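>
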Amino acid sequence: MKIFQTVLVTIFMAAISHICSAQSIGPATLNAAGGSAALGGNTYEWSVGEMVLVNTVSTAGLVVTQGTLQPQIQVTGIKENQLALEGLSVYPNPASDHLNINLNVARNLEVTLKLSDVSGRTYYVKTSKNHNGSDLITLDLSPYAGGIYLLQIETVDRAKTYYNTFKVVKN
Numbered sequence: 001m002k003i004f005q006t007v008l009v010t011i012f013m014a015a016i017s018h019i020c021s022a023q024s025i026g027p028a029t030l031n032a033a034g035g036s037a038a039l040g041g042n043t044y045e046w047s048v049g050e051m052v053l054v055n056t057v058s059t060a061g062l063v064v065t066q067g068t069l070q071p072q073i074q075v076t077g078i079k080e081n082q083l084a085l086e087g088l089s090v091y092p093n094p095a096s097d098h099l100n101i102n103l104n105v106a107r108n109l110e111v112t113l114k115l116s117d118v119s120g121r122t123y124y125v126k127t128s129k130n131h132n133g134s135d136l137i138t139l140d141l142s143p144y145a146g147g148i149y150l151l152q153i154e155t156v157d158r159a160k161t162y163y164n165t166f167k168v169v170k171n
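Note that this note's numbering gives residue 103 to position 103 of the sequence shown, counting from 1, and the numbers run on in steps of one.
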């Protein structure tokens, strides 16, 4: 009889363990006190009485977490229109003293060249109108220090702006 009860309790506990779950995949926090407020397009959440201390700091989406509150991040992408330019090429890459930009456009476009470093500092901007056909533009890189630069080619066609961005390495 004692063995039967032990077996019955073991089977019951095994069945209950498959039904019950103490783990959660989603972010959840049980707070003794706290709240949230929306102010100026930002949501601030706080809690009081948690036993665990965690610091999380992020600059991309500005996530700051004190305690175990888990933010839910929703990523919103931006679509960058790229104009398919036949024969658009940037060479040589890596470059030492000059950079050649070959533009081949079918109709008159306004073209802006912008050279900036990876921190966003702009070194060169030039806008020219009525690009038509094949143009070779040479950009003098000799005044700039060696490093990684971004060359953004902005074209305006019928009130629509297109962007093509190239990573340029200067020796």
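For each residue, glycine too, the CB sits at the ideal point set by N, CA and C.
Since the model is a prediction, treat every value here as computed from it, not as a measurement.
Between Y124, N42 and N130, which lies nearest to P143 when the distance is taken from Cα to Cα?
For the residues Y124, N42 and N130, the minimum Cα distance to P143 belongs to Y124.
> First and last residue of the beta strand (DSSP E) that includes S89?
First-last of the beta strand (DSSP E) with S89: S89 to Y91.
> Which same chain residues, not among the five before or five after T43, have their C-beta less than 8 Å away from its C-beta?
Closer than 8 Å at the Cβ level, and outside the excluded window around T43, lie S36 and A37.
> Would DSSP call V105 helix, strand or coil?
Note: V105 maps to strand in three-state DSSP.
> Identify which residue in H98, N132 and A159 has its Cα closest to the Cα of K170.
K170 has its Cα closest to that of H98, out of H98, N132 and A159.
> In chain order, what residues of the same chain lie with their CB nearer than 6 Å to the CB of N108, ignoring the 5 residues before and after it?
Excluding positions up to five away in sequence, the list reads N130 and N132.
> When you compare only the Cα positions, how much space is there between R121 and E45?
Going by the C-alpha atoms only, they are around 35 Å apart.
> Give the DSSP-derived three-state secondary structure of L141 in the structure shown.
Looking at L141 - three-state DSSP - the assignment turns out to be coil, as it is neither helix nor strand.
> Can you find the residues in the same chain that come closer than 8 Å, C-beta to C-beta, to K2, ignoring five residues on each side of it along the sequence?
Cβ neighbours of K2 beyond the five flanking positions: none.
> Ordered along the chain, which non-local residues of its own chain (more than five positions away) have a Cβ less than 8 Å from that of D117?
Cβ within range, chain order: Y123, G147, I148, Y149 and L150.
> Distance, Cα to Cα, S24 vs Q5?
Note that S24 scores a pLDDT of 49, beneath 50, so its modelled location is shaky; the value from the coordinates is reported in the next line. Their backbone Cα atoms lie some 32 Å apart in a straight line.
> Taking its Cβ as the centre, do 16 or more other Cβ atoms sit within 10 Å of T29, making it buried, or is it exposed?
Residue placement at T29 is flagged as unreliable, the pLDDT there being 49, under the threshold of 50; the coordinate-derived value follows with that caveat. When all chains shown are included, T29 counts as exposed.
> Do you know offhand how far I137's Cα is from L39's?
Approximately 49 Å, taken between the alpha carbons.
> Do K126 and Q152 have their C-beta atoms closer together than 8 Å?
No, they are not a contact pair.
> Figure out for me which residue from L8, V168 and D140 has the closest Cα to the Cα of N93.
Minimum Cα distance to N93 is reached at V168.
> Just verifying my parser: in three-state terms, what is the DSSP assignment at V118?
Coil.
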